[in-house]
Each structure stands twice: as structure tokens, then as C-alpha cells.
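Residue numbers (numbering that gives the first Met the number 0), protein chains in the order written: chain H, 0 to 334; chain V, 0 to 334.
Number of protein chains: 2
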Amino acid sequence: MVKITDVARHAGVSPSTVSYVLSGKRSISEETRRRVRESIRELGYRPHAGARALASSRSNVLALMIPLRSGIAVPVVMQFAVSVVTAARRHDHDVLLLTQEEGEEGLRRVADSALVDALIVMDVQMEDPRLPLLRSLDRPSVLIGFPADAGDLTCIDLDFHAAGAVCVEHLAGLGHREIALIGSPPEVYARQTGYAQRVADGFASAVASHGLKGEVHPCEATADAARELVARLLAERPGLTGVLVHNEPVVGTVVRALRAAGRRVPEDVSVVAMCPDEMAEHAEPPLSSVAIPAEEVGGRAVDLLMAKLDGAPVPAATLLPPTLTRRASSAPAAH
Amino acid sequence: MVKITDVARHAGVSPSTVSYVLSGKRSISEETRRRVRESIRELGYRPHAGARALASSRSNVLALMIPLRSGIAVPVVMQFAVSVVTAARRHDHDVLLLTQEEGEEGLRRVADSALVDALIVMDVQMEDPRLPLLRSLDRPSVLIGFPADAGDLTCIDLDFHAAGAVCVEHLAGLGHREIALIGSPPEVYARQTGYAQRVADGFASAVASHGLKGEVHPCEATADAARELVARLLAERPGLTGVLVHNEPVVGTVVRALRAAGRRVPEDVSVVAMCPDEMAEHAEPPLSSVAIPAEEVGGRAVDLLMAKLDGAPVPAATLLPPTLTRRASSAPAAH
DNA sequence: GCCCGTCATCGAAGCGCTTCGATACGTCAT
DNA sequence: ATGACGTATCGAAGCGCTTCGATGACGGGC
Numbered sequence: 000m001v002k003i004t005d006v007a008r009h010a011g012v013s014p015s016t017v018s019y020v021l022s023g024k025r026s027i028s029e030e031t032r033r034r035v036r037e038s039i040r041e042l043g044y045r046p047h048a049g050a051r052a053l054a055s056s057r058s059n060v061l062a063l064m065i066p067l068r069s070g071i072a073v074p075v076v077m078q079f080a081v082s083v084v085t086a087a088r089r090h091d092h093d094v095l096l097l098t099q100e101e102g103e104e105g106l107r108r109v110a111d112s113a114l115v116d117a118l119i120v121m122d123v124q125m126e127d128p129r130l131p132l133l134r135s136l137d138r139p140s141v142l143i144g145f146p147a148d149a150g151d152l153t154c155i156d157l158d159f160h161a162a163g164a165v166c167v168e169h170l171a172g173l174g175h176r177e178i179a180l181i182g183s184p185p186e187v188y189a190r191q192t193g194y195a196q197r198v199a200d201g202f203a204s205a206v207a208s209h210g211l212k213g214e215v216h217p218c219e220a221t222a223d224a225a226r227e228l229v230a231r232l233l234a235e236r237p238g239l240t241g242v243l244v245h246n247e248p249v250v251g252t253v254v255r256a257l258r259a260a261g262r263r264v265p266e267d268v269s270v271v272a273m274c275p276d277e278m279a280e281h282a283e284p285p286l287s288s289v290a291i292p293a294e295e296v297g298g299r300a301v302d303l304l305m306a307k308l309d310g311a312p313v314p315a316a317t318l319l320p321p322t323l324t325r326r327a328s329s330a331p332a333a334h
Numbered sequence: 000m001v002k003i004t005d006v007a008r009h010a011g012v013s014p015s016t017v018s019y020v021l022s023g024k025r026s027i028s029e030e031t032r033r034r035v036r037e038s039i040r041e042l043g044y045r046p047h048a049g050a051r052a053l054a055s056s057r058s059n060v061l062a063l064m065i066p067l068r069s070g071i072a073v074p075v076v077m078q079f080a081v082s083v084v085t086a087a088r089r090h091d092h093d094v095l096l097l098t099q100e101e102g103e104e105g106l107r108r109v110a111d112s113a114l115v116d117a118l119i120v121m122d123v124q125m126e127d128p129r130l131p132l133l134r135s136l137d138r139p140s141v142l143i144g145f146p147a148d149a150g151d152l153t154c155i156d157l158d159f160h161a162a163g164a165v166c167v168e169h170l171a172g173l174g175h176r177e178i179a180l181i182g183s184p185p186e187v188y189a190r191q192t193g194y195a196q197r198v199a200d201g202f203a204s205a206v207a208s209h210g211l212k213g214e215v216h217p218c219e220a221t222a223d224a225a226r227e228l229v230a231r232l233l234a235e236r237p238g239l240t241g242v243l244v245h246n247e248p249v250v251g252t253v254v255r256a257l258r259a260a261g262r263r264v265p266e267d268v269s270v271v272a273m274c275p276d277e278m279a280e281h282a283e284p285p286l287s288s289v290a291i292p293a294e295e296v297g298g299r300a301v302d303l304l305m306a307k308l309d310g311a312p313v314p315a316a317t318l319l320p321p322t323l324t325r326r327a328s329s330a331p332a333a334h
């Protein structure tokens with residue numbers, strides 16, 4: 000293994016000079032810098048991560064805790080993870096993967112052992128047991144999602160309330176007066192997972208302020224449950240012309256169930272979904288949708304963390320505005 | 000921060016004794032061990048990961064490189080990742096997440112900087128550019144998937160050849176004589192990704208040895224492509240009564256397309272899929288299927304790595320036997 | 001011509017841990 | 001009694017890096 004003293008000898012300088020070339024923390028003459036860089040390249044030198052962490056008390060590693068419970072959209076989690084890793088690399092950091100299963104103890108372990116410099120926690124619940132721990136830790140953290148009481152913890156997420164509202168407004172703008180939200184499975188609401196509730200709230204308040212008729216219907220993530228719910232809705236609400244689906248696994252089923260019941264999409268019933276763009280594009284018909292900007296959320300979360308590590312002040316809450324992409328599944332209401 | 004000397008003082012022993020209590024590498028009297036453990040607990044001591052890595056040249060971290068290309072089943076990747084993390088924790092290791100995007104350079108970086116002790120690489124291609132690198136690295140690695148020429152690299156995966164064959168045998172056993180494989184998107188074959196080709200080979204050789212009629216049809220992962228392919232198959236092959244689908248995104252579409260064409264499943268056409276169990280169970284009808292045992296592959300990969308780290312010999316190739324679960328989508332052929 | 005400030009570099013201390021002798025003390029066979 | 005051995009513990013060296021203070025060398029202002 001080649002070490003810093005080898006590089007120093009090869010370049011004819013002291014180890015500290017090599018270190019300063021690498022970190023840029025002191026000015027080094029152009030000429031020396033060139034020689035050192037050349038030696039590094041020639042010898043294939045890589046600083047030893049452990050030694051560096053020990054001496055500088057910075058590991059350049061972030062922890063990312065991902066959820067693995069049911070009712071969670073796996074592809075979205077994956078997108079988050081990938082964007083976090085990518086963003087972290089831009090800041091010269093790596094990412095340590097933790098599962099929700101590890102819980103508070105896992106977070107404490109990696110933080111207290113100085114394995115990581117900072118933490119990102121996904122899928123935050125309203126009353127999340129990890130919150131007190133994160134507050135007590137002396138390391139910066141960012142939550143993806145909003146708990147009931149964030150205090151001074153840094154949070155970021157899509158503005159789900161606005162997302163729910165934006166879908167209603169889209170439908171209202173097309174002239175629909177009677178709509179419904181086919182929501183997440185009941186346990187997701189019961190768990191008080193913030194985002195599902197927020198979409199429902201945004202939906203409800205926009206429905207109210209636009210003087211529409213519309214309510215929220217939780218739905219299990221199975222085809223049977225979805226078909227049953229659609230049938231019931233159609234039977235009980237003959238005037239229904241707009242549906243918002245916030246339940247990824249069943250969006251396809253909902254559309255097919257509507258058609259099976261003789262309603263054309265979008266001519267008779269307009270459908271809007273909250274799901275990844277890829278899914279919306281490939282659906283038949285392509286769905287008007289609001290996507291979770293996983294890429295952006297992950298990237299911004301890392302940026303926030305880096306700012307905190309640098310001691311810069313960051314906003315406690317970051318709500319990303321939703322974007323509705325209109326596709327073929329929504330159209331003006333017939334009258 | 001509390002360090003080993005604090006614990007040592009508190010327990011009235013030397014730092015090395017504390018270290019030996021922790022590592023178990025020398026015998027310590029019962030009484031001393033008790034006192035040290037108690038001090039550790041009381042002070043909330045956590046060894047500094049960097050210091051430990053520096054002194055012992057073991058970081059207790061594994062690298063996991065995940066794919067992020069198209070045509071890859073995201074939920075399966077996620078299952079792998081979670082099972083790797085879980086298994087690693089059982090061995091007191093953590094997992095560093097790398098994306099395929101980082102390529103060889105990323106692997107070299109984390110290995111040479113001693114950030115990780117060993118590496119797991121997913122989605123291995125037939126001619127994978129990372130292979131020479133892994134060979135040159137002085138750290139153990141395990142590949143999930145089989146390249147064209149593994150040499151002495153350790154590989155593990157589902158036995159896809161056997162999986163393809165097992166599906167054919169299942170259909171043959173039910174009396175079907177004319178079958179077809181609806182395969183992965185063309186680019187997956189073109190990329191020489193091993194598993195798609197192996198399923199096709201297993202399918203073909205079993206078809207031959209059972210004297211059946213049957214060929215392989217690559218298929219884009221879109222509903223349109225799937226419908227089109229099903230229509231063509233039905234038109235060109237009136238005697239077709241069995242279909243194997245190895246293309247997760249379109250399994251649902253294939254079944255619906257068959258029904259739309261007036262074929263009942265399984266009465267007229269039997270369908271077998273290669274997809275996660277969860278998907279097969281929730282399909283309508285529930286699908287007879289062979290699942291990728293992601294959980295097991297991930298866990299075994301970690302076990303192999305740990306054995307290698309301990310200097311134990313491990314088999315170069317591990318092929319997990321496929322298991323076909325019969326569900327409602329396959330039935331005896333009518334005659 | 002002298003002092004001061006800047007720039008470039010060096011040397012040494014120290015980060016917190018592991019590990020390798022060395023030491024001390026019994027115990028047991030001779 | 002004596003030496004050989006095993007067990008329990010200690011002390012010190014060192015892992016490879018960063019960082020702080022010190023040291024020269026040089027140029028400008030007076």
C-alpha cells in the first residue's frame with residue numbers, strides 16, 4: 000500500500016505538503032502542486048479513509064436510512080437512494096445504507112462511532128421515535144418527509160398538500176364538479192404517515208374552496224379492492240366525472256375498472272394520478288399526473304446536509320412545489 | 000466523546016484489556032470482563048470506526064454496487080439491497096452503496112482507500128469491464144450474476160437455465176405441446192446480460208428434449224409491444240397453449256391480451272411467469288411462477304464474502320435451484 | 001538598511017484504537 | 001524446591017493522516 004510518506008519522498012516534499020495539496024487548506028506553489036499531483040498519479044496513491052477520518056474527524060460518509068415497510072412505493076425509494084448517492088458523490092461523500100429495521104439504535108451506532116458525518120432519514124412518521132434521537136445526536140441530519148412536530152429538525156419533501164390541491168384545481172378547471180380521491184391503503188393513514196394525510200387534506204380543502212363535491216376513499220393496494228371501490232363509487236355517485244388516484248399499485252386497475260363499467264377515460268371520467276412519471280407515461284391511456292420529484296428531493300437533501308456540515312444556516316422546512324403534467328387521461332367535462 | 004482510555008480508567012484496567020474484552024482475541028477473566036462491560040454501558044462508549052479501521056486494517060464495511068439501467072426490475076434490486084444490508088449486520092458489518100454509474104473507478108476508490116473490506120457487485124454482464132479490476136484488487140468480492148468467463152471470481156445467482164427449463168417441464172407435464180417464451184426487451188439480450196440469455200437457453204433446450212414446439216420472443220417492456228406480440232403469436236400459432244413470460248412489467252398485459260383475444264387463462268392458455276412472488280400472487284389470476292430468491296441470494300452473497308474475509312475457501316460458483324410455485328394460471332392442456 | 005507581512009514549506013504532535021511482546025502469578029509435574 | 005507452562009494483564013509502538021506552530025525567503029514601505 001502506498002502512503003502519504005511515499006508520495007512525499009517521491010515528490011521531494013514533506014508529508015504535510017502533500018496533505019495540503021490534497022486539501023487545499025494552505026497555499027502551495029504552482030510548481031510544487033504540479034510535482035505532488037504527478038507523484039500521486041504515478042504511484043496511484045489513495046489516502047487511507049480510516050486514517051483520514053481519525054485525524055480529521057470527518058469520515059466523508061453519509062448515512063441513509065430507507066424504509067422497508069409495506070405500502071411504500073419501492074421504485075420511488077430506489078430513486079431517492081440513487082439520487083442521494085449521486086448527489087453525495089458530487090460533494091465527495093459516500094453513502095452508508097441503513098434499513099428502517101435498524102431503528103434508532105442503528106442511527107446512534109453509526110453516528111456515535113463516527114462512521115458517518117451526517118444522516119438522512121426517509122419515510123418520517125408523524126410521531127417518529129427517531130426524532131428525539133436525531134435531536135440528541137451531535138451530527139446534522141435531514142428528514143425526507145414531515146413529522147407532526149419537526150421542531151428545529153431540517154425537513155424536505157414534496158408539498159403534498161399543494162399536490163392534492165393542484166389535482167383538484169386541474170379537474171375543477173376542466174369543469175368537473177363531482178370528484179373523488181382514491182387514496183392509499185387504510186394502514187398508511189392509520190400509521191399517521193404524513194404524506195397520505197396531507198394529500199387528503201389538500202384535496203379536501205381545494206374541493207371545499209371550489210365548491211365541488213368530493214370525498215376521500217382509502218383503498219387497499221390490491222386489484223380486487225380497487226375494482227370493488229370503483230364499482231361502489233360508480234353506483235353511489237352517478238354524477239362522478241373526475242378521479243384522483245393516490246395509490247400507485249392500483250392506478251392501472253382503476254382505469255380498467257372504469258372502462259369495464261362502460262365509462263370512457265377521459266371522455267366520461269377524467270383520471271389524475273400521483274405516481275412516478277414513468278408509470279404515468281406508460282399507462283394506457285397516458286395519465287395526467289403529479290410525480291414525486293424523487294431525484295430533486297434526494298439531491299436537495301444532500302445539499303442541505305452539506306450546508307449544515309459547513310456550518311451554514313439552512314431553512315428548517317423545504318416544501319417542493321408539485322407539478323402536474325397533463326396527459327391523455329383528463330379532459331373537459333361533458334355537460 | 001468517550002474513548003477507550005476513559006473506559007479503561009473507569010474500570011480500573013488498561014486500554015488494551017478493554018480492547019481484548021471487545022474483540023475476544025485474548026482470554027480475560029470473567030470478573031474483569033464484567034467490570035469492563037459495565038463501564039462501557041455506563042459511559043455509553045462506542046469505538047471510533049476510523050481509529051479501529053486504521054489500527055486493524057479492517058473497516059467492517061462492505062461495498063454494494065447496484066445497477067440503475069433500464070430493463071432492470073427495480074423491486075428485485077431493492078430486495079437484494081435490503082437482504083445484503085440485513086445479512087451484513089448479522090456479521091457486524093455495514094454496507095456502502097455504490098451505483099453502477101461509478102463504474103470501475105468507484106470500486107477501485109473504495110477498495111484502495113480501505114473504505115471497505117470487500118465488495119458485492121450486482122447485475123454482472125457477460126463481458127463486464129469491472130471483472131479485470133475486481134481480479135486485480137486485493138479485496139474479496141462476490142458477483143451476483145454470471146459473466147461469460149468468471150475465472151476464479153466468486154459468483155452466485157439463481158440458476159436461470161434451470162429456471163427456464165423448469166417452466167417448460169411444468170407446461171410439458173400438463174400436456175402442452177406448443178409453447179412460447181415472451182422474453183426480456185431486446186436490449187437486455189443485446190447487452191449480453193447473462194440471465195435473460197440463460198433463461199432462453201434453458202427454455203430452448205428443455206423444449207428440444209421434450210420434443211415440444213416453442214421459441215423465444217424478446218419483447219419491449221411496454222403494454223403496446225406486449226399486446227402486439229400476443230396478437231401475432233395467436234395469429235401465427237393457432238395451436239399455442241402455453242406461455243412463459245420473463246418480462247415483469249408486461250405480465251399483466253399479456254394475460255389481459257390473451258383474454259381480450261378470447262382465450263381463457265388457464266383453460267385455453269396456461270401462463271407461467273418469472274417474477275417476484277408478490278407480483279404473481281396479486282395478479283388476476285394468481286400466476287404460476289418462478290421467483291428470483293433475492294433474499295437468499297443477498298444473504299448467501301454476504302456469507303460467501305465473510306468466509307473469504309476469514310480466509311476460508313468458498314466455491315467459485317453457486318447456483319441456486321429454482322422453485323416453481325403453481326398457482327391458478329396453469330392447468331392441464333385440453334385435447 | 002531595517003522591520004514587517006506574506007507566501008511556501010517543514011516537523012512534530014496527536015487522532016483513538018489494536019496488537020505484540022513482556023510481566024506476574026499460579027499450578028502442576030518432577 | 002524447581003522449572004515449565006498457561007492465564008490474565010499491562011505498556012508501548014504504531015496504523016496513516018491532518019494540523020498547528022515554526023522557519024525561511026522575499027518584497028515593500030519607511
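Just so it is clear, CB atoms sit at the ideal spot from N, CA and C, and this is done for glycine as well.
- Task: Determine, using beta-carbon pairs with one atom in the stretch 156-164 of chain V and one in the stretch 318-332 of chain V, whether at least three such pairs fall under 8 Å.
- Result: By the Cβ criterion, the stretch 156-164 of chain V is in contact with the stretch 318-332 of chain V, since at least three pairs of Cβ atoms, one from each stretch, lie closer than 8 Å.
- Message: Against P74 of chain V, what residues of chain H qualify as contacts under a CB-to-CB distance less than 9 Å, listed in chain order?
- Response: Taking the second sequence and counting its residues from 1, the one referred to as residue 74 of chain V is at position 75. Contact note: P74 of chain V reaches chain H through V73, P74, M77, using a C-beta cutoff of 9 Å and chain order.
- Can you tell me the Cα-Cα spacing of R197 of chain H and D151 of chain H, whole angstroms? Here residue 197 of chain H refers to the residue found at position 198 when the first sequence is read from its first residue. Here residue 151 of chain H refers to the residue found at position 152 when the first sequence is read from its first residue. Rounded to whole angstroms, R197 of chain H to D151 of chain H spans 20 Å at the Cα level.
- Query: Is it right to say D116 of chain H is buried, meaning 16 or more other beta carbons lie within 10 angstroms of its own, or is it exposed?
  - Reply: For the purposes of this step, residue 116 of chain H is taken as residue 117 along the first sequence, with counting starting at 1. Buried, since its Cβ has 16 or more Cβ neighbours within 10 Å.
- Message: Between S26 of chain V and chain H, is any beta-carbon pair separated by less than 8 Å?
- Response: The count along the second sequence starts at 1 and reaches residue 26 of chain V at position 27. It does not; no Cβ of chain H falls within 8 Å.
- Message: At the level of alpha carbons, what is the spacing between A335 of chain V and A164 of chain V?
- Response: Residue 335 of chain V cannot be examined here, being either before or after the span of chain V that is shown, 0 to 334.
- Item | First and last residue of the uninterrupted beta strand (DSSP E) at T153 of chain V | Along the second sequence, one-based indexing puts residue 153 of chain V at 154. Where T153 of chain V is concerned, the enclosing beta strand (DSSP E) starts and stops at 153-157.
- Query: Mind pulling the chain V residues with CB within less than 7 Å of E283 of chain H?
  - Reply: The sequence position of residue 283 of chain H within the first sequence is 284, counting from 1. Correct list: A222.
- Backbone CA spacing between D276 of chain V and S288 of chain V [nearest angstrom]: Stepping through the second sequence from its first residue, residue 276 of chain V is reached at position 277. Stepping through the second sequence from its first residue, residue 288 of chain V is reached at position 289. Taking the Cα positions, D276 of chain V is about 7 Å away from S288 of chain V.
- For G297 of chain H, count neighbouring Cβ atoms within 10 angstroms of its own Cβ and tell me buried if that reaches 16, exposed if not. One-based indexing of the first sequence puts residue 297 of chain H at position 298. The residue is buried, with at least 16 neighbouring Cβ atoms inside 10 Å.
- Message: Is L152 of chain H close to chain V? Criterion is C-beta to C-beta, closer than 8 Å.
- Response: Residue mapping note: residue 152 of chain H aligns to position 153 of the first sequence, counting from 1. Taking 8 Å as the CB threshold, L152 of chain H stays off the interface with chain V.
- Which residues share a DSSP beta bridge with E214 of chain V? Position 215 of the second sequence holds residue 214 of chain V. According to DSSP, residue pairing for E214 of chain V in a beta bridge involves V:A179.
- Closer than 8 Å, CB to CB, is S208 of chain V near chain H or not? Looking up residue 208 of chain V in the second sequence gives position 209. Not a single C-beta of chain H is nearer than 8 Å to the C-beta of S208 of chain V.
- With 7 Å as the C-beta to C-beta threshold (strictly closer), list the residues of the stretch 243-263 of chain H near chain V in chain order. So the list is empty, because no residue satisfies the distance condition.
- Task: With 7 Å as the C-beta to C-beta threshold (strictly closer), list the residues of the stretch 41-63 of chain V near chain H in chain order.
- Result: Under the 7 Å Cβ criterion, the stretch 41-63 of chain V contributes R45, P46, H47, A48, G49, A50, A52, L53, S58.
- Task: Answer with buried or exposed for M0 of chain V, where buried requires no fewer than 16 other C-beta atoms within 10 angstroms of its C-beta.
- Result: Looking up residue 0 of chain V in the second sequence gives position 1. Residue environment: M0 of chain V is assigned as exposed (fewer than 16 neighbouring CB atoms within 10 Å of its CB, all protein chains considered).
- Beta bridge counterpart(s) of L97 of chain V as assigned by DSSP: Taking the second sequence and counting its residues from 1, the one referred to as residue 97 of chain V is at position 98. Per the DSSP secondary-structure output, L97 of chain V pairs in a beta bridge with V:M64.
- Between G310 of chain V and S140 of chain V, what straight-line distance do the alpha-carbon atoms span, to the nearest angstrom? Your numbering for residue 310 of chain V matches position 311 in the second sequence. Your numbering for residue 140 of chain V matches position 141 in the second sequence. For G310 of chain V and S140 of chain V, the distance between alpha carbons rounds to 13 Å.
- Are any of the Cβ atoms in chain H nearer than 8 Å to that of L95 of chain V? Counting from one through the second sequence, the residue named residue 95 of chain V turns up at place 96. True, the Cβ-Cβ gap to chain H drops below 8 Å.
- Query: Do you know how far the Cα of G210 of chain H is from the Cα of M121 of chain V?
  - Reply: In the second sequence, the residue the question calls residue 121 of chain V occupies position 122. In the first sequence, the residue the question calls residue 210 of chain H occupies position 211. One C-alpha to the other measures close to 53 Å.
- Query: Taking Cβ to Cβ, would you say V250 of chain V is nearer than 8 Å to V229 of chain V?
  - Reply: Translated into positions along the second sequence, residue 250 of chain V becomes position 251. Translated into positions along the second sequence, residue 229 of chain V becomes position 230. V250 of chain V places its beta carbon 8 Å or farther from that of V229 of chain V.
- Hey, how far is the Cα of A256 of chain V from the Cα of R231 of chain V? If you number the second sequence from 1, residue 256 of chain V lands on position 257. If you number the second sequence from 1, residue 231 of chain V lands on position 232. Going from the Cα of A256 of chain V to the Cα of R231 of chain V covers about 11 Å.
- Query: Would L114 of chain H pass as a contact of V76 of chain H if the rule is Cβ separation under 8 Å?
  - Reply: For the purposes of this step, residue 114 of chain H is taken as the residue at position 115 of the first sequence. For the purposes of this step, residue 76 of chain H is taken as the residue at position 77 of the first sequence. No, Cβ-Cβ distance for L114 of chain H and V76 of chain H is not below 8 Å.
- Which value, in whole angstroms, describes the spacing of the CA atoms of G11 of chain H and R57 of chain V? Numbered from its first residue, the first sequence carries residue 11 of chain H at position 12. Numbered from its first residue, the second sequence carries residue 57 of chain V at position 58. When rounded, the distance between both Cα atoms is 31 Å.
- Can you pull the chain V residues whose beta carbon is under 7 Å from the beta carbon of D111 of chain H, in chain order? Walking along the first sequence from the start, residue 111 of chain H turns up at place 112. Under a criterion of Cβ atoms nearer than 7 Å, the residues of chain V adjacent to D111 of chain H are, in order, R45.
- Assuming L303 of chain V and T85 of chain V make a contact with CB atoms under 8 Å, what is their CB distance in whole Å? The residue given as residue 303 of chain V occupies position 304 in the second sequence. The residue given as residue 85 of chain V occupies position 86 in the second sequence. Not really, about 15 Å apart at Cβ, beyond 8 Å.
- Message: Please tell me whether S183 of chain V and A195 of chain V are closer than 8 Å, where the distance is taken between their beta carbons.
- Response: One-based indexing of the second sequence puts residue 183 of chain V at position 184. One-based indexing of the second sequence puts residue 195 of chain V at position 196. Taking 8 Å as the Cβ cut-off, S183 of chain V and A195 of chain V qualify as a contacting pair.
- Message: So V84 of chain H contacts chain V; which residues on that side make the cut at Cβ distance below 8 Å?
- Response: Stepping through the first sequence from its first residue, residue 84 of chain H is reached at position 85. Going along chain V in sequence order, the residues near V84 of chain H (Cβ under 8 Å) are L96, L97, T98.
- Message: By the DSSP assignment, the beta strand (DSSP E) with A272 of chain V in it spans what residues?
- Response: Translated into positions along the second sequence, residue 272 of chain V becomes position 273. Start and end: 269-273.
- Message: I need the DSSP call for A260 of chain H, collapsed to helix, strand or coil.
- Response: By one-based count along the first sequence, residue 260 of chain H stands at place 261. Collapsing the DSSP output to three states places A260 of chain H in coil.
- Message: Let me check understanding here. Comparing Cα to Cα, which of H:D148, H:E126, H:D111, H:I143 lies closest to S135 of chain H?
- Response: As a working mapping, residue 135 of chain H is identified with position 136 in the first sequence. Minimum Cα-Cα distance from S135 of chain H among the listed residues H:D148, H:E126, H:D111, H:I143 corresponds to H:D111.
- Query: Within 10 angstroms of its Cβ, does D127 of chain V collect 16 or more other Cβ (buried), or is it exposed?
  - Reply: Reading the second sequence from its first residue, position 128 is the one you call residue 127 of chain V. By the 10 Å Cβ count, D127 of chain V comes out buried.
- Task: May I ask which residues mark the beginning and end of the alpha helix (DSSP H) holding G297 of chain V?
- Result: Within the second sequence, the letter at position 298 stands for residue 297 of chain V. Where G297 of chain V is concerned, the enclosing alpha helix (DSSP H) starts and stops at 293-308.
- Task: For V81 of chain H, go through chain V and note every residue whose CB falls closer than 7 Å to its CB, in chain order.
- Result: Counting from 1 along the first sequence, the entry for residue 81 of chain H is found at position 82. Simply L67, T98.
- Task: Select from H:L180, H:R34, H:V301 the residue whose C-alpha is nearest the C-alpha of L42 of chain H.
- Result: Counting from one through the first sequence, the residue named residue 42 of chain H turns up at place 43. Closest in C-alpha terms to L42 of chain H, from the list H:L180, H:R34, H:V301, comes H:R34.
- Tell me, to the nearest whole angstrom, how far the beta carbon of V215 of chain H is from that of T240 of chain H; I am working on the premise that it is less than 8 Å. Mapped onto the first sequence, residue 215 of chain H falls at position 216. Mapped onto the first sequence, residue 240 of chain H falls at position 241. Contact doesn't hold; Cβ gap of about 17 Å is too wide.
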